[in-house]
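Remarks on the structure that follows.
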Amino acid sequence: MSQTVNKFEKEIIKKVRMKYLLHLPDHYEKESSIKWPLILFLHGAGERGDDVELVKVHGIPMIAERDPSFPFITISPQCPEDSFWNAEQDGLMALVDEIIANYNVDPDRIYLTGLSMGGYGTWHLAAEYPGRFAAIAPICGGGNPSRIHELLGTPTWAFHGAKDDIVPIAESKKMVDALREIGGNVSFTIYPESNHDSWTETYDNPELYSWFLSHSLSDNTAVL
Numbered sequence: 083m084s085q086t087v088n089k090f091e092k093e094i095i096k097k098v099r100m101k102y103l104l105h106l107p108d109h110y111e112k113e114s115s116i117k118w119p120l121i122l123f124l125h126g127a128g129e130r131g132d133d134v135e136l137v138k139v140h141g142i143p144m145i146a147e148r149d150p151s152f153p154f155i156t157i158s159p160q161c162p163e164d165s166f167w168n169a170e171q172d173g174l175m176a177l178v179d180e181i182i183a184n185y186n187v188d189p190d191r192i193y194l195t196g197l198s199m200g201g202y203g204t205w206h207l208a209a210e211y212p213g214r215f216a217a218i219a220p221i222c223g224g225g226n227p228s229r230i231h232e233l234l235g236t237p238t239w240a241f242h243g244a245k246d247d248i249v250p251i252a253e254s255k256k257m258v259d260a261l262r263e264i265g266g267n268v269s270f271t272i273y274p275e276s277n278h279d280s281w282t283e284t285y286d287n288p289e290l291y292s293w294f295l296s297h298s299l300s301d302n303t304a305v306l
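This is the structure in C-alpha cells:
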C-alpha cells in the first residue's frame with residue numbers, strides 16, 4: 083500500500099492589510115454613550131487598486147461624502163487590484179471587529195451592502211458569517227444558492243436592473259428564489275429600464291436606510 087490516511091492540523095497567523103474610508107456622522111462623539119449603526123460597503127471591480135479615493139465614486143461612500151450627517155458609521159474598504167472580495171473575507175471581518183473595538187458601534191446593528199463585484203461579495207460574506215449582519219442589501223450581484231440556508235435568519239433586500247448586460251438579472255434571481263423557497267425574509271426590487279447601474283437609485287432612496295434600521299440582531303422587528 084503506497085498511501086496512508088493522515089490528518090494535518092496547525093494554527094497559523096495571517097497578516098491582513100486593507101485601505102478603507104471611514105465615515106463618522108457629524109454628531110459622533112468618542113466619549114458619548116450613544117451607539118451608532120454601522121454599514122460595511124463593498125465596491126465594484128472598477129474601484130480596485132491602491133487609490134482609495136476611487137471608492138468614493140459610487141454608493142455609500144459617495145452618500146457619506148456629500149452628507150456629513152449621514153447617520154451611520156460607514157467603512158468602505160478597497161479591494162486590491164488583483165483580488166476579489168471573496169478572497170478578502172478575513173481582512174473584511176478583521177476590519178469590522180477593529181472598528182467595533184475602537185468606535186461607538188452598536189454590534190446589533192451592523193449592515194452589509196455592495197454593488198456588482200461587491201454584490202457578489204455581500205451574498206458571500208453574509209453566508210460565510212451567518213448571524214453577524216442584521217440585514218444585507220446586495221445590488222446587481224449573485225452567489226452560490228446551495229449555501230442559501232446560511233442566510234435564512236438574515237433580512238435581505240436585493241436589487242437588479244432588468245436590462246443589465248454585465249451581470250445578468252438571473253444572478254440575483256437565483257439567490258432570491260432559493261431564499262424564498264426556504265422561507266427567508268427577502269425582498270427583490272427590479273428596475274425595469276436599468277442596465278448595470280442599479281445602485282444609484284438604490285442608494286439615493288431613503289427607504290433603504292429606514293429598512294436597515296428596522297432590523298437588529300437582538301430584535302429584527304425593532305422600530306426606528
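Start counting the sequence shown at 83; every next residue gets the next number (the numbering used here).
C-beta atoms are modelled at their ideal positions from N, C-alpha and C, and glycine is treated no differently.
Own chain partners of residue i with C-beta closer than 8 Å, once the 5 adjacent residues on each side are dropped
i      : result
GLU163 : ARG130, GLY131 and ASP132
Own chain, CB closer than 7 Å to residue i, minus 5 neighbours either side, in chain order
i      : result
TYR211 : MET175
GLU147 : LYS138
Beta-ladder partner(s) of residue i, from DSSP
i      : result
HIS105 : THR156
THR271 : PHE241
ILE121 : THR156 and TYR193
Other residues of its chain near residue i: CB distance less than 6 Å, five sequence neighbours each side excluded
i      : result
ILE230 : ALA260 and LEU261
PHE270 : ALA240 and VAL258
PHE173 : First, the residue type needs correcting, since residue 173 is Gly and not Phe in the sequence shown. These residues qualify, in order along the chain: VAL98 and MET100.
ARG191 : PRO119, ALA216 and SER298
PHE154 : PRO119 and ILE121
ALA304 : Residue placement at ALA304 is flagged as unreliable, the pLDDT there being 39, under the threshold of 50; a coordinate-derived value is accordingly withheld.
Residue nearest to residue i in terms of C-alpha spacing, selected from the options
i      : options                           : result
SER254 : ASP301, LEU197, ILE264 and THR282 : LEU197
TRP293 : GLY141, LEU194 and SER158         : LEU194
ASP149 : ASP179, TYR285, GLY203 and LYS117 : TYR285
GLY200 : ALA169, HIS109, PRO274 and PRO119 : ALA169
VAL249 : LYS89, SER228, LEU233 and TRP281  : TRP281
ASN287 : ALA219, ILE264 and TRP118         : ALA219
PRO189 : ASP246, LYS117 and GLN85          : LYS117
TYR273 : ALA244, LEU299 and LEU295         : ALA244
ILE221 : SER228, GLU180, ILE264 and SER276 : SER276
GLN171 : LYS112, ARG214, TYR185 and GLU135 : ARG214
SER228 : ILE251, GLU263 and ASP247         : GLU263
TYR185 : TRP167, THR156, SER165 and GLY203 : THR156
LEU177 : VAL268, LEU104 and SER165         : LEU104
GLY203 : GLU113, SER165, GLU111 and GLU289 : SER165
GLY224 : LEU234, HIS242 and GLU232         : HIS242
| query | Can you find at least 3 beta carbon pairs, one from the stretch 196-216 and one from the stretch 122-141, that sit closer than 8 Å? | reply | yes
| task | Just list the beta strand (DSSP E) runs in the stretch 180-227, keeping only unbroken ones of 3 residues or longer that don't cross its boundaries, in chain order. | result | For the stretch 180-227, whole beta strand (DSSP E) runs of length 3 or above, ordered along the chain, are 187-197 and 217-221.
| query | Touch check for the stretch 154-173 and the stretch 232-252: three-plus C-beta pairs under 8 Å? | reply | Output reads no: the stretch 232-252 does not touch the stretch 154-173.
| task | Let me know the alpha helix (DSSP H) ranges lying completely inside the stretch 129-153, each 4 residues or longer, listed in chain order. | result | Counting only runs of 4 or more, we get 141-148.
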